[in-house]
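Trainee: Going down the list, the sequences are from chains A and B.
101 is the number that my numbering gives the last residue of the first sequence; the numbers go up by one with no jumps.
394 is the number that my numbering gives the last residue of the second sequence; the numbers go up by one with no jumps.
In this text, a Cβ means the ideal position worked out from N, Cα and C, and glycines have one as well.
No experiment lies behind these values; they were computed from the predicted model shown.
Sharing a structure, written as structure tokens. Questions coming.
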Amino acid sequence: MLLPARTAVLNFLYQAGEADIDKIMEALKPMYGTEKQFNKKMFMEHAMSLEANGLAEMKSYELGQDGELMLRYQITDDGRSTVEKYVPVTFRRKEGK
Amino acid sequence: MGNSSANAKMQQLNKKFRVTGISSGVISGLTYGIYTTLVLVAGLYEPLVSAVGLLAVPFVTSGLNDFLAGLWLLLYNGGKGRLKELGRSLNTFPGKMVVVGALIGGPVANGAYLAGLAMAGAYAIPISATCSLFGALFAWIFLKQKPTKRVVLGMVICVAGAITINWVKPEGSPNFTIGIICALVAAVSWGLEGVISSYGGSMLDTDVAVNIRELVSGAVTMIVVVPLIAAFPLMAATVKAGVPLLILGLSGLSAAISFLCWYKANSMVGCAIGMSLNVTYAFWGVIFCVLFLGEVLTPTIVAGSVIIVLGAVIVTMNPLDLLKKEA
């Protein structure tokens with residue numbers, strides 16, 4: 005069974021260190037891409053909620069070519085220890101390469 | 068130029084996120100007031116109105132209400148394409164924490180809240196609202212979210228409001244004090260649930276977490292608690308009667324919206340602020356009970372409700388900020 009989507013976002017940041025929303029979605033597309041919940045609005049909410057809870061922090065932001073904001077997040081120490089505590093090792097290896 | 072418009076967009080986005088968090092908290096309070104009133108209205112119909120025993124009606128109504136709320140939420144999450152997330156979340160440790168929170172917040176807190184309402188009327192509502200105080204206290208102990216002096220002041224004001232309400236006992240309610248104690252049990256349990264859900268919710272989608280919460284709470288109350296207190300025949304009769312079930316369907320919808328917004332606010336603007344906005348239900352609950360159920364408005368309940376809401380506002384924000392201009 006897959007990880008819940010928000011946990012998968014945190015798990016990807018754990019592996020990548022930092023990434024923008026597009027990159028996160030690209031990495032998770034093979035697993036979640038066919039689901040209706042797979043859209044940018046939902047993933048921005050995931051990232052911002054992780055930030056509000058101190059598990060991730062915004063690294064930088066800039067305007068993309070489409071004039072939309074590109075938000076770049078990195079995992080915090082709290083986020084890292086949360087993944088190490090609660091995400092099974094197999095997921096830490098398998099997802100988001 | 069590009070940089071400054073990126074800055075402006077970012078500011079706008081942050082503001083939108085915060086406004087969504089705060090308004091979710093406010094809506095959760097309003098809809099909780101509606102839920103409270105509708106559950107009491109359902110209790111005015113047969114077979115609930117003539118049921119005996121202090122616990123039967125509160126647990127039958129809270130079990131049915133929570134389970135129906137869970138079904139509403141299944142429809143909502145199904146529409147958003149998130150049904151698979153339920154199983155995925157339950158498979159994680161934080162998902163199991165949500166279940167623990169549901170057991171404390173559901174059968175324990177909701178049952179105690181409705182028992183409190185049955186025995187002490189609208190007086191129980193603001194007392195249970197001190198849950199924000201317990202929430203902030205437990206968040207301090209377990210999550211190391213240290214409250215500021217302002218938050219502590221707001222919390223003390225909330226307690227003062229609760230004491231004010233309890234100052235003058237209404238005449239002719241022999242179980243008043245037990246009712247108030249039940250409301251207090253609800254407050255402590257909700258405070259604990261808020262912390263547990265904010266913890267579990269931090270890496271889970273809160274819309275999914277709250278769905279699990281309502282389904283678990285409703286199912287455990289109906290399958291375990293109701294038969295234990297020998298209230299199963301009452302539950303069956305309530306389902307058969309139709310009208311009370313319909314009202315509980317509506318109260319379930321209000322509760323679903325309320326919990327959805329409450330969990331969202333907790334995860335967007337923090338546990339202390341989310342819970343403080345949620346407790347404005349005390350104000351709405353009392354107003355609706357006076358308007359629609361003919362509860363008597365006394366000076367102490369008015370003063371106490373206003374003080375509690377004021378305390379909740381102070382926990383949430385610095386009123387002086389409203390006067391400051393942005394630099």
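Can you look up B/Glu113 in the DSSP assignment and give me helix, strand or coil?
Mentor: Residue numbering aside, residue 113 of chain B sits at position 46 when the second sequence is read from its first letter. Coil, per DSSP.
Trainee: Please compile the residues from chain B whose C-beta is within a distance smaller than 8 Å of the C-beta of A/Gln41.
Mentor: The sequence position of residue 41 of chain A within the first sequence is 37, counting from 1. Near A/Gln41 (Cβ distances below 8 Å), the residues of chain B are Lys147, Gly148, Arg149 and Glu152.
Trainee: Under 7 Å Cβ-Cβ, which residues of chain B neighbour A/Met5?
Mentor: The residue you call residue 5 of chain A lines up with position 1 of the first sequence. Result: Gly154, Arg155 and Asn158.
Trainee: Check whether chain A comes within 9 Å of B/Pro161, counting only Cβ atoms and requiring the distance to be less than that.
Mentor: Residue numbering aside, residue 161 of chain B sits at position 94 when the second sequence is read from its first letter. Interface residue, yes.
Trainee: Which residues share a DSSP beta bridge with A/Gln19?
Mentor: To locate residue 19 of chain A, count along the first sequence from 1; it is residue 15. None, per the DSSP bridge assignment.
Trainee: Could you tell me how far apart the beta carbons of B/Arg280 and B/Gly172 are, in whole angstroms, since I believe they sit closer than 8 Å?
Mentor: The residue labelled residue 280 of chain B in the question sits at position 213 within the second sequence. The residue labelled residue 172 of chain B in the question sits at position 105 within the second sequence. Between B/Gly172 and B/Arg280 the Cβ distance is about 7 Å, and since that is below 8 Å, they are a contact.
Trainee: Is there a Cβ of chain B sitting closer than 9 Å to that of A/Asn57, yes or no?
Mentor: What you label residue 57 of chain A is simply residue 53 of the first sequence in a count that begins at 1. Closer than 9 Å: yes.
Trainee: Contact criterion: CB-CB distance below 9 Å. Does A/Tyr65 meet it with respect to chain B?
Mentor: Here the question's residue 65 of chain A lines up with position 61 in the first sequence. Yes - at least one Cβ of chain B is within 9 Å of the one on A/Tyr65.
Trainee: Any residues in the region 78–98 of chain A with a beta carbon nearer than 7 Å to a beta carbon of chain B? Which ones, in chain order?
Mentor: Listed by position along the chain: Thr86 and Tyr90.
Trainee: Between the C-alpha atoms of B/Gly246 and A/Met35, what's the straight-line distance to the nearest angstrom?
Mentor: What you label residue 246 of chain B is simply residue 179 of the second sequence in a count that begins at 1. What you label residue 35 of chain A is simply residue 31 of the first sequence in a count that begins at 1. So the alpha carbons of these two residues sit roughly 51 Å apart.
Trainee: Please state the DSSP three-state secondary structure of B/Met342.
Mentor: The sequence position of residue 342 of chain B within the second sequence is 275, counting from 1. If DSSP states are grouped into helix, strand and coil, B/Met342 belongs with the helices.
Trainee: Would you say B/Asn132 and B/Asn177 are within 9 Å of each other, going by their C-beta atoms?
Mentor: The residue labelled residue 132 of chain B in the question sits at position 65 within the second sequence. The residue labelled residue 177 of chain B in the question sits at position 110 within the second sequence. Against a cut-off of 9 Å, the Cβ pair of B/Asn177 and B/Asn132 comes out as a contact.
Trainee: Pick from B/Pro193, B/Tyr99, B/Gly137 and B/Leu184: whose alpha carbon is nearest that of B/Gly371?
Mentor: The count along the second sequence starts at 1 and reaches residue 371 of chain B at position 304. For B/Gly371, the nearest C-alpha among the options comes from B/Pro193.
Trainee: Any beta carbon of chain B sitting closer than 9 Å to that of A/Ala23?
Mentor: By one-based count along the first sequence, residue 23 of chain A stands at place 19. It does not; no Cβ of chain B falls within 9 Å.
Trainee: Taking C-beta pairs closer than 7 Å, name the residues in chain B that A/Ala2 reaches, listed in chain order.
Mentor: Within the shown structure, residues of chain A are numbered from 5 to 101, placing residue 2 of chain A beyond reach of any answer.
Trainee: Could you spell out where the alpha helix (DSSP H) holding B/Tyr180 opens and where it closes?
Mentor: Mapped onto the second sequence, residue 180 of chain B falls at position 113. Looking at the DSSP string, the run of the alpha helix (DSSP H) that includes B/Tyr180 is Gly178 to Ala187.
Trainee: Can you round the beta-carbon distance between B/Trp329 and B/Gly341 to whole angstroms, since I take them to be within the 8 Å contact cut?
Mentor: Start at 1 with the first residue of the second sequence, and residue 329 of chain B comes out as number 262. Start at 1 with the first residue of the second sequence, and residue 341 of chain B comes out as number 274. Correct: roughly 6 Å between the Cβ atoms.
Trainee: Check whether the Cβ atoms of B/Ala304 and B/Gly261 lie closer than 9 Å to each other.
Mentor: Translated into the one-based positions of the second sequence, residue 304 of chain B becomes position 237. Translated into the one-based positions of the second sequence, residue 261 of chain B becomes position 194. No, the Cβ-Cβ distance between B/Ala304 and B/Gly261 is not below 9 Å.
Trainee: For B/Glu393 and chain A, any beta-carbon pair shorter than 9 Å?
Mentor: Walking along the second sequence from the start, residue 393 of chain B turns up at place 326. Its pLDDT being 41, under 50, B/Glu393 is placed unreliably by the model, and the measurement read from it follows with that caveat. B/Glu393 does not count as touching chain A.
Trainee: Of all Cβ atoms in chain B, is any one closer than 9 Å to the Cβ of A/Ala31?
Mentor: Taking the first residue of the first sequence as position 1, residue 31 of chain A is located at position 27. By this cut-off, A/Ala31 is not an interface position.
Trainee: Closest Cβ-Cβ distance between A/Arg10 and chain B: below 9 Å?
Mentor: Counted from its first residue, the first sequence places residue 10 of chain A at position 6. For A/Arg10, the answer is yes, since a Cβ of chain B falls inside 9 Å of its Cβ.
Trainee: Opposite A/Met62 in the DSSP bridges: which residues?
Mentor: Counting from 1 along the first sequence, the entry for residue 62 of chain A is found at position 58. DSSP lists A/Tyr77 as partners of A/Met62.
Trainee: Just to make sure I have the definition right: I need the residues of chain B whose C-beta is within less than 7 Å of the C-beta of A/Leu73. Which are they?
Mentor: The residue you call residue 73 of chain A lines up with position 69 of the first sequence. What A/Leu73 touches in chain B: Ala73, Lys76, Met77 and Leu80.
Trainee: Using only the alpha-carbon positions, how far apart do B/Val63 and A/Gln69 sit?
Mentor: The question about residue 63 of chain B has no answer, for chain B in this structure spans 68 to 394.
Trainee: Counting pairs of beta carbons, one from the region 143–156 of chain B and one from the region 33–48 of chain A, are three or more of them closer than 8 Å?
Mentor: Touching, yes.
Trainee: Within the continuous alpha helix (DSSP H) that includes B/Pro300, where are the two ends?
Mentor: For the purposes of this step, residue 300 of chain B is identified with residue 233 of the second sequence, where counting begins at 1. Element bounds for B/Pro300: Phe299 to Ala308.
Trainee: Using a threshold of 9 Å, state whether the C-beta atoms of B/Pro174 and B/Val306 are closer than that.
Mentor: By 1-based counting over the second sequence, the position of residue 174 of chain B is 107. By 1-based counting over the second sequence, the position of residue 306 of chain B is 239. No, these two residues do not count as a Cβ contact at 9 Å.
Trainee: Pick from B/Ala73, B/Val108 and B/Leu97: whose alpha carbon is nearest that of B/Ile314?
Mentor: As a first step, residue 314 of chain B must be located in the second sequence, where it is residue number 247. Nearest option by C-alpha distance: B/Val108.
Trainee: Would you tell me roughly how many angstroms separate the C-alpha atoms of B/Ser256 and B/Asn74, rounded to the nearest one?
Mentor: Taking the second sequence and counting its residues from 1, the one referred to as residue 256 of chain B is at position 189. Taking the second sequence and counting its residues from 1, the one referred to as residue 74 of chain B is at position 7. Rounded to whole angstroms, B/Ser256 to B/Asn74 spans 42 Å at the Cα level.
Trainee: If you measure beta-carbon to beta-carbon, which residues of the region 199–215 of chain B are closer than 8 Å to chain A?
Mentor: Cβ contacts with chain A come from no residue of the region 199–215 of chain B.
Trainee: Report back the beta-carbon spacing between B/Gly183 and B/Ser195 to the nearest angstrom; my notes put them in contact at under 8 Å.
Mentor: The count along the second sequence starts at 1 and reaches residue 183 of chain B at position 116. The count along the second sequence starts at 1 and reaches residue 195 of chain B at position 128. Their Cβ separation, rounded to whole angstroms, is 7 Å, which keeps B/Gly183 and B/Ser195 in contact under 8 Å.
Trainee: What residues of chain A sit near B/Phe84, judged by a beta carbon separation below 7 Å?
Mentor: Here residue 84 of chain B corresponds to residue number 17 of the second sequence, with the count starting at 1. Near B/Phe84 (Cβ distances below 7 Å), the residues of chain A are Met52.
Trainee: Could you compute how far the alpha carbon of B/Ala250 sits from the alpha carbon of B/Ser318?
Mentor: Here residue 250 of chain B corresponds to residue number 183 of the second sequence, with the count starting at 1. Here residue 318 of chain B corresponds to residue number 251 of the second sequence, with the count starting at 1. So the two alpha carbons sit approximately 19 Å from each other.
Trainee: In the DSSP assignment, what residue or residues form a beta bridge with A/Asp24?
Mentor: Here residue 24 of chain A is taken as the residue at index 20 of the first sequence, counted from 1. A/Arg76.
Trainee: For B/Ala286, which residues of its own chain have a beta-carbon under 7 Å away from its beta-carbon, when the five flanking residues on both sides are left out?
Mentor: Within the second sequence, the letter at position 219 stands for residue 286 of chain B. Phe134.
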